[in-house]
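With my numbering, the residue at position 5 of the sequence shown is -13, and numbering never jumps.
What follows is a set of notes on a single structure, which appears directly below.
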Amino acid sequence: MPAVTIKFQKLSPAAILPTYAHPGDAGADLVAIGQHTLAPMQRLAIPTGLAAEIPQGYEMQVRPKSSLALKHGITVLNTPGTVDAGYRGEIKVILINLGNGPFAIAPGQRIAQIVIAPVTRADFAVTTQLSESQRGEGGFGSTGKTY
């Protein structure tokens, strides 16, 4: 699959471009600038010092790092966060500390990952009736299955 070019502007000399840790990875790591501390249940928008130019027809999804979530209870609050193609401001990551103690974020620390994804736009239409389906109106827990 051909690569999509994402242009980044460094808004701070401390900003670091996203990088893929391994060949074939879907997510590239986003890095924090500055020193920050998250108290338990606190949320902060952590700056990256980067702005991006995403091609039309694509979005940048901001997702948690599994290692931070598992080891420290740190996650991206609005996961996945969406950076639209038309946005040119600084990319910030909304982190929350679901852990029991304070969590220090050092400059240059990997705090989230980004995935570049194609965007599908929909046409929305009003109807008086929806077609039948096997699930019907079954909502949360409606499958009743345990594994």
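Using N, Cα and C, we set each Cβ at its ideal position, and we do this for glycine too.
Is the beta carbon of residue i less than 8 Å from the beta carbon of residue j?
| i | j | result |
| --- | --- | --- |
| Gly63 | Val13 | no |
| Ile98 | Gly81 | no |
| Val65 | Ile93 | no |
| Ile15 | Pro5 | no |
| Leu(-7) | Gly31 | yes |
| Arg25 | Ile78 | yes |
Name the residue from the options whose alpha carbon lies nearest to the alpha carbon of residue i.
| i | options | result |
| --- | --- | --- |
| Thr61 | Thr19, Gln43, Gln38, Ala21 | Gln43 |
| Pro84 | Leu20, Ala8, Gln(-9) | Leu20 |
| Arg70 | Tyr40, Ala34, Met23 | Ala34 |
| Val101 | Glu119, Phe(-10), Val(-14), Tyr40 | Tyr40 |
| Pro22 | Lys(-11), Ala86, Phe(-10), Gln(-9) | Ala86 |
Can a CB atom of chain D be found closer than 8 Å to the CB of residue i?
| i | result |
| --- | --- |
| Ile15 | Here chain D cannot be found, since the structure has a single protein chain. |
For residue i and residue j, I'd like the C-alpha separation in whole angstroms.
| i | j | result |
| --- | --- | --- |
| Pro37 | Pro(-16) | 14 Å |
| Ala88 | Ala(-4) | 12 Å |
| Gly68 | Pro46 | 23 Å |
| Leu59 | Ala104 | 26 Å |
| Ala107 | Ser115 | 19 Å |
| Ser48 | Glu119 | 34 Å |
Given residue i, which residues of its chain have a CB within under 7 Å of its CB, disregarding the five upstream and five downstream residues?
| i | result |
| --- | --- |
| Ala10 | Pro0, Thr1, Tyr2, Gln95, Ile96 |
Can you name, in chain order, every residue of its own chain whose Cβ lies under 6 Å from the Cβ of residue i, other than the five neighbours on each side?
| i | result |
| --- | --- |
| Leu50 | Ile56 |
Could you name each continuous alpha helix (DSSP H) segment of 4 residues or more that falls completely within the stretch 46 to 84, going from the start of the chain to the end? 48 to 54
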